[in-house]
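Note sheet for the following structure.
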Amino acid sequence: MDFLRPATLAEALALKAERPGAVPIAGGTDVMVELNFDHRRPDALLDLTGIAELRDWSAVPGAVRLGAGVPYRRVIDELGGRLPALATASRSVGSPQIRNRGTVGGNLGAASPAGDAHPVLLATGAVVEAVSTRGTRMIPATDFYLGVKRNALAPDELIAAVHVPETGAPQQFAKVGTRNAMVIAVCSFAIALHPATGRVGAALGSAAPTPRRATAAEDFLADELGAGDQWESPTPLPDSTRRRFGELVAAAASPVDDVRGTAAYRRHALSVLARRTLDWAWQGYTGRGRPCA
Amino acid sequence: MSPNPAELTSVVGGVGTSPHRPDAILKVRGEFAYASDLWHEDMIWGATLRSPHPHARIVSIDLSDALLVPGVHAVLTHEDVPGRNIYGLERADQPVLAEDVVRYQGEPVALVAADHPETALRAMKRIKVGYEVLTPVVDMESALGDTPLHPGGNLVRHVPIRRGDPDARAAVVVTGRYEVGMQDQAFLGPESGLAVPAEDGGVDLYVATQWLHVDQAQVATALGLPPALVRLTLSGVGGAFGGREDLSMQVHACLLALRTGKPTKMVYNREESFYGHVHRHPAVLHYEHGADRDGKLVHVKARIYLDGGAYASSTPAVVANAATLGVGPYVVDNVSIDAWGVYTNNPPCGAMRGFGAVQAAFAYESQMDRLAEALGMDPVDLRIANAMSEGSAMPTGQVVDSAAPVARLLELVRDKPLPPTGTDLLDLPGGVANTTHGEGVVRGVGYAVGIKNIGFSEGYDDYSTARVRLQVVGGEPVALAHTAACEVGQGLVTIVQQIVRTELGVTRVTVLPMDTSIGSAGSTSASRQTYVTGGAVRAACAAVKARLAELAAGRHVDDLAALLGDEVVDETAEWRHRPTEPIDPVTGQGNAHVQYGFAAHRAVVDVDVELGLVKVVELDCAQDVGRALNPQAVLGQIQGGTAQGLGLAVMEEIRTTGGVVRNPSFTDYLIPTALDMPPMRIDVLELADPNAPYGLRGVGEPPTISSTPAVVAAIRAATGRALNRVPVRPEHITSTERPRGAPA
Ligand SMILES: Cc1cc2nc3c(=O)[nH]c(=O)nc-3n(C[C@H](O)[C@H](O)[C@H](O)COP(=O)(O)OP(=O)(O)OC[C@H]3O[C@@H](n4cnc5c(N)ncnc54)[C@H](O)[C@@H]3O)c2cc1C
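Quick mapping for you: the protein sequence lines, in order, are chains Y and S.
What the first sequence shows, in the numbering used here, is residues 1 to 293, in sequence order.
What the second sequence shows, in the numbering used here, is residues 294 to 1037, in sequence order.
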């Protein structure tokens, strides 16, 4: 196995174009597990950790451009104010060691249905910046997850960054696991209010072959909020709205029974998470609760 | 010279203090050498091909492709086992390598040795085994009537207990069916060892194990060698909890080493480790408790099934524990218990901390709560009203002849103030995963108390051997202590030093590596090593002191170094606890156990009743340890044992479908993290047992036993659910389980 260590993004892209089978490695917290268990035997690893361009984030108009190689630790420490839901999701990833090494870029690369960043990226309307020697493609998160651990990258592409909208409005992430730390999601959920467009983002994880948006729930809630002029003069949401939102989120899932939980539990838990996170977000919007978790 | 130097010197680091462990700094720094770190310049690596099927006939084995892989030194099957291809801890029923049939998923079928572990794995994958898949027997309750998996049928052992009136009637009767899932020891250091062929035709095996001599005997039998040619040395053990009592790679590595003439190392990875050791017996327990209107227990009836899996391992002794300890630490005049250990095609089960007492305690403590509810009584009052004490009789008729402070332990945990409700996310169910800000959270409090036999029972000749050597080095008296007692992390090395210091008044005590060049120390299990090997070390010290008295020849000598001069005093002692008796095979009566240990817990939990998530807020414990030889180690045992019990209560289970393990990894076999295990307040009682060295009582297992039912009782109190099965999962609390019998 070759271990390729490009020093610049341009060099990495040239290598990837030449050897599309080379497996990128960032924090290695997914890749090394696969290698150790002999699930994958690539001819080459493409080490991205030496590339300065991937290691930072910057504020761009309306969004944060988060370099693919920024570890969760820094998202938590530096972006809690700008990207509250992504920071909450990051806090729930693995253990301190994993958060020190693991990256959002790696989460996207792995595209596991259980990846904790995904519901947030979907709900906030994030866009993946994919690059190759051929140029740059901006792929909305909604179009990024194609199947179980399959994403929309071409073989010669790398993720340079992900652009996460900085909305200033309440957003929430919640994840159910069967212990109180260091656990893979049994199911997870993110909600983001977009008062500027009158939209609501809602997305779920670990309850379908891919992370996915709950579009019917999004539409329903946007209609409810728009109809009552709630964005302008918010009032507490009626129980029927909260419940219906939860039901629609649960209905958007296609969960399975597995050792981590039953399909019935996942649906049930999603409806609870949807209701609660909506409450917290709405309380935040009406200025009565915490703006983020 | 006084015959007892300890009377003259107040020695530092003796019994009753908590000196540093000799391995502490190395372990904290990550520098301690575990068995997986063993290294030999010329070594090759072994790998094990295992059955993918829980039950199948082996039709053919084709090794030819594997042998062609460059770097491969040997590929072996059952035909290459030179001795007896059958072994077992209590009953020889398990092949070293499967012959015509495999009885569990993961059963070893063939071995490969190669110059690199990767090469060995690749060659292993090229071995072609033809299987005719057979229907697995997986249900413990119907196994006795199912296809026989062994020549004698599927019964490993039946233990009946009959005491008092079998037809006793009570005013208030409660019944229940309880289930305990298959817990794993989840030790962190996987199975590993290094076998080095010796010039005398024998083999030296360096291995992480719990009982060197029982390994030695089994390995020698399988290799067809006299035991003297199979020498074992303990290497660094990363936890055990019962899971290393049975053989794993011991014979395999020796076979490969002797065949190739090269030192051979074997290390399991995490997944293989799940197949490589026995687990805690899953159990189904049917109980009936009867009491009079004041809450006095009238009778207990129970039928207990323990799933031994494919091979016997220590199932016979586990069954006896579940039966003899089956009513718990209570006085009951009329008892009728039947416990069965059965063979199935599930993973083999054997020793794990708590050993049969854990399963029974979940059922009898759940029953006590149910009874309290039926009587309208406080659950602690009901327990205290029925608590045994010194002088009480067990259902076996055995009179408990030392402290049994059951009521006091319960009062101690009950009378502590209750903790406040948490406000930070970290204090709430779900933790930082942000599932609740208080919504759905209900507090519950639960209690449990348990009983465990300490040491080996039923007439077993339970002894240990220790050698103590005293001489002057650099002008100072120095002691060496040698035993074969396995240090598995519990701290026996420290205890041995402490005892020698106290007995001989010598500060510098070196503990030699544990090996088979000295007599057996018995197993590091059953909470017994401080008791039995501690007893042997003290006996060896007594022999050393007797020799010193001879040297002194009546003179009064203050200075031990001067008395010793060039003399080397070297004494070996064998020590056994007082004998126990077998139990009557029909009535279960007899003085089966040597000592009993007791612990009680109070659990305080916050349950998110909508999501079914649990946060154990506090888990306080009171335990009688007779005498705390090392108070810090005692607290460590109580915390660790309690954590393991919490794990069984809310998360730890090997899940199987049709005998196939579904979660052989730490991704899906979850053990408690620091955020799951709450801080503990611990009360340690020291009520000396006059029969035991220093009055001590075994410590390691009792806290594991009462922790599980206390946590579940607290979850029941919060949720109002019956919760008759552990571990409790979110779907049990939210009624979203998969219906029984639904396809996976
Ligand atoms: C103990 C443990 C606990 C974990 N807990 C969680 C958890 O709670 N939640 C969670 O979501 N995940 C968890 N994970 C999984 C993992 O940590 C995350 O998916 C993490 O985000 C991966 O990031 P990484 O940088 O380590 O990725 P890597 O392992 O380096 O890469 C992951 C994948 O992405 C590809 N890749 C990486 N960077 C790029 C790039 N720039 N362009 C294109 N492809 C790229 C790689 O080729 C690979 O396919 C856990 C893992 C472990 C080992």
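For each residue, glycine too, the CB sits at the ideal point set by N, CA and C.
- For Phe534 of chain S, which of S:Leu518, S:Glu484, S:Leu705 has the nearest alpha-carbon? The count along the second sequence starts at 1 and reaches residue 534 of chain S at position 241. Ranking S:Leu518, S:Glu484, S:Leu705 by Cα distance to Phe534 of chain S puts S:Glu484 first.
- In the stretch 168-183 of chain Y, which residues sit with their C-beta less than 9 Å from some C-beta in chain S, listed in chain order? Gln172, Phe173, Ala174, Lys175, Val176, Gly177, Thr178, Arg179, Asn180, Ala181, Met182, Val183
- Message: List, in chain order, every chain Y residue whose beta-carbon is nearer than 7 Å to that of Asp908 of chain S.
- Response: Sequence index remark: in the second sequence, residue 908 of chain S carries index 615 (1-based). The residue asked about is misnamed: residue 908 of chain S is Lys in this sequence, not Asp. Under the 7 Å cutoff, chain Y gives Asn180.
- With 8 Å as the threshold, decide whether the Cβ of Arg322 of chain S is near any Cβ in chain Y. The residue you call residue 322 of chain S lines up with position 29 of the second sequence. Not one chain Y Cβ lies under 8 Å of Arg322 of chain S.
- Kindly indicate which three-state DSSP category Lys555 of chain S falls into: helix, strand or coil? By 1-based counting over the second sequence, the position of residue 555 of chain S is 262. Lys555 of chain S falls in the coil class under three-state DSSP.
- Query: If you compare alpha carbons, which of S:Arg1009, S:Pro924, S:Asp913 is closest to Met973 of chain S?
  - Reply: Residue 973 of chain S sits at position 680 when you count from the first residue of the second sequence. It is S:Asp913.
- Would you say Trp280 of chain Y faces chain S, with C-beta separation under 8 Å as the test? Taking the first residue of the first sequence as 1, we reach residue 280 of chain Y at position 280. Closer than 8 Å: yes.
- Message: Using 8 Å for Cβ pairs, my map puts Ser344 of chain S next to Glu400 of chain S. What's the rounded Cβ distance?
- Response: Locating residue 344 of chain S in the second sequence gives position 51, counting from the first residue. Locating residue 400 of chain S in the second sequence gives position 107, counting from the first residue. Correct: roughly 4 Å between the Cβ atoms.
- Task: Within 10 angstroms of the Cβ of Pro429 of chain S, are there 16 or more other Cβ atoms? Answer buried if so, exposed if not.
- Result: Numbered from 1 along the second sequence, position 136 holds the residue referred to as residue 429 of chain S. It is buried - the Cβ of Pro429 of chain S has at least 16 other Cβ atoms within 10 Å.
- Item | Beta-carbon contacts of Pro995 of chain S that lie in its chain and below 8 Å, excluding the five residues immediately before and after | As a working mapping, residue 995 of chain S is identified with position 702 in the second sequence. Contacts found: Gly743, Ile744, Lys745, Ser820, Gly890, Phe891, Ala892, Gln916, Gly934.
- Message: For Leu773 of chain S, tell me which candidate among S:Val861, S:Leu703, S:Leu618 has the shortest Cα-Cα distance.
- Response: If you number the second sequence from 1, residue 773 of chain S lands on position 480. Selected option, being the one with the closest Cα: S:Val861.
- Task: Taking Ile318 of chain S as part of the alpha helix (DSSP H), name the residues at either end of that continuous run.
- Result: Translated into the one-based positions of the second sequence, residue 318 of chain S becomes position 25. 317-322 is the extent of the alpha helix (DSSP H) around Ile318 of chain S.
- Task: Find the nearest neighbour of Asn638 of chain S within the set S:Asp355, S:Gly951, S:Ser1000, S:Ala610, judged by alpha-carbon distance.
- Result: One-based indexing of the second sequence puts residue 638 of chain S at position 345. Out of S:Asp355, S:Gly951, S:Ser1000, S:Ala610, S:Gly951 has the C-alpha closest to the C-alpha of Asn638 of chain S.
- Is any heavy atom of ligand 1 found at a distance shorter than 7 Å from the C-beta of Ser112 of chain Y? By 1-based counting over the first sequence, the position of residue 112 of chain Y is 112. Flag set: Cβ of Ser112 of chain Y near ligand 1.
- Item | beta strand (DSSP E) segment containing Thr758 of chain S, residue limits | One-based indexing of the second sequence puts residue 758 of chain S at position 465. Unbroken beta strand (DSSP E) run through Thr758 of chain S: 756-766.
- Query: What does Glu732 of chain S touch in chain Y if you count any residue whose Cβ is under 7 Å from its own?
  - Reply: Position 439 of the second sequence, counted from the start, is the residue given in the question as residue 732 of chain S. Arg276, listed in chain order.
- Query: Helix, strand or coil for Val624 of chain S per DSSP?
  - Reply: Along the second sequence, one-based indexing puts residue 624 of chain S at 331. It is coil, neither helix nor strand.
- Check Arg243 of chain Y in the structure and name its three-state DSSP category. Translated into the one-based positions of the first sequence, residue 243 of chain Y becomes position 243. The answer is helix: DSSP assigns Arg243 of chain Y an H, G or I state.
- Cα-Cα, which of Y:Ala181, Y:Ser132, Y:Glu157, Y:Val104 is closest to Val64 of chain Y? Here residue 64 of chain Y refers to the residue found at position 64 of the first sequence. Measuring from the Cα of Val64 of chain Y, the nearest candidate turns out to be Y:Val104.
- Between the stretch 574-581 of chain S and the stretch 462-476 of chain S, are three or more C-beta pairs nearer than 8 Å? yes
- Message: Shorter than 7 Å, the distance from the beta carbon of Leu54 of chain Y to the closest heavy atom of ligand 1, or not?
- Response: On the first sequence, residue 54 of chain Y is found 54 positions in, with the first residue counted as 1. Flag set: Cβ of Leu54 of chain Y near ligand 1.
- Task: Determine which residues share a DSSP beta bridge with Asp283 of chain S and list them.
- Result: The requested residue 283 of chain S is not part of the displayed model; chain S covers only 294 to 1037.
- Simplified DSSP assignment, three categories, for Lys709 of chain S: The residue labelled residue 709 of chain S in the question sits at position 416 within the second sequence. It is coil, neither helix nor strand.
- Query: Alpha carbon to alpha carbon, how far is Val523 of chain S from Val793 of chain S?
  - Reply: Along the second sequence, read from residue 1 onward, the residue named residue 523 of chain S stands at position 230. Along the second sequence, read from residue 1 onward, the residue named residue 793 of chain S stands at position 500. In a straight line, the C-alpha of Val523 of chain S is about 30 Å away from that of Val793 of chain S.
- Beta carbon shell of ligand 1 at less than 5 Å from a heavy atom: Y:Val23, Y:Pro24, Y:Ile25, Y:Ala26, Y:Gly27, Y:Gly28, Y:Thr29, Y:Asp30, Y:Val31, Y:Ala68, Y:Val93, Y:Gly94, Y:Ile98, Y:Gly102, Y:Thr103, Y:Gly105, Y:Gly106, Y:Asn107, Y:Gly109, Y:Ala110, Y:Gly115, Y:Asp116, Y:Leu158, Y:Ile159
- Task: Mind checking which residues open and close the alpha helix (DSSP H) that includes Leu437 of chain S?
- Result: Along the second sequence, read from residue 1 onward, the residue named residue 437 of chain S stands at position 144. Looking at the DSSP string, Leu437 of chain S is not in any alpha helix (DSSP H), and its letter there is neither H nor E.
- Item | Chain-ordered chain Y contacts of Pro1023 of chain S [CB-CB under 8 Å] | Mapped onto the second sequence, residue 1023 of chain S falls at position 730. The answer, in chain order, is Val176, Thr178, Val186, Gly261, Tyr265, Ala269.
- Query: Can you name, in chain order, every residue of its own chain whose Cβ lies under 6 Å from the Cβ of Asp631 of chain S, other than the five neighbours on each side?
  - Reply: Numbered from its first residue, the second sequence carries residue 631 of chain S at position 338. So the list reads Pro453, Arg596, once near-sequence residues are dropped.
- Check the Cβ of Thr29 of chain Y against every Cβ in chain S and list those closer than 9 Å, keeping chain order. Taking the first residue of the first sequence as position 1, residue 29 of chain Y is located at position 29. In chain order: nothing, as chain S lies at least about 12 Å away.
- Does the beta-carbon of Ile318 of chain S have 16 or more other beta-carbons within 10 angstroms, so that it is buried, or is it exposed? Against the second sequence, residue 318 of chain S aligns to sequence position 25. Exposed, because fewer than 16 other Cβ atoms sit within 10 Å of the Cβ of Ile318 of chain S.
- Item | Selection of the stretch 999-1024 of chain S by Cβ proximity to chain Y, strictly under 8 Å | Arg1022, Pro1023, Glu1024
- Query: Under the rule that 16 or more other beta-carbon atoms within 10 Å means buried, what is Val651 of chain S, buried or exposed?
  - Reply: Position 358 of the second sequence holds residue 651 of chain S. Val651 of chain S comes out buried.
- CB contact below 8 Å: Arg1031 of chain S versus chain Y: Here the question's residue 1031 of chain S lines up with position 738 in the second sequence. It does; some Cβ of chain Y falls within 8 Å.
- Taking 8 Å as the cut-off, decide whether the C-beta atoms of Leu989 of chain S and Tyr824 of chain S are in contact. Residue mapping note: residue 989 of chain S aligns to position 696 of the second sequence, counting from 1. Residue mapping note: residue 824 of chain S aligns to position 531 of the second sequence, counting from 1. Yes, Cβ-Cβ distance for Leu989 of chain S and Tyr824 of chain S is below 8 Å.
- Task: Starting from Gln97 of chain Y, follow the beta strand (DSSP E) in both directions and report where the run begins and ends.
- Result: Position 97 of the first sequence, counted from the first residue, corresponds to residue 97 of chain Y. It is not in any beta strand (DSSP E) - Gln97 of chain Y instead sits in the alpha helix (DSSP H) that spans 96-101.
- How should Arg594 of chain S be labelled, buried or exposed, when 16 other C-beta atoms within 10 angstroms of its C-beta is the threshold for buried? For the purposes of this step, residue 594 of chain S is identified with residue 301 of the second sequence, where counting begins at 1. A small fix is needed here, since residue 594 of chain S is Lys in this sequence, not Arg. So Lys594 of chain S counts as buried.
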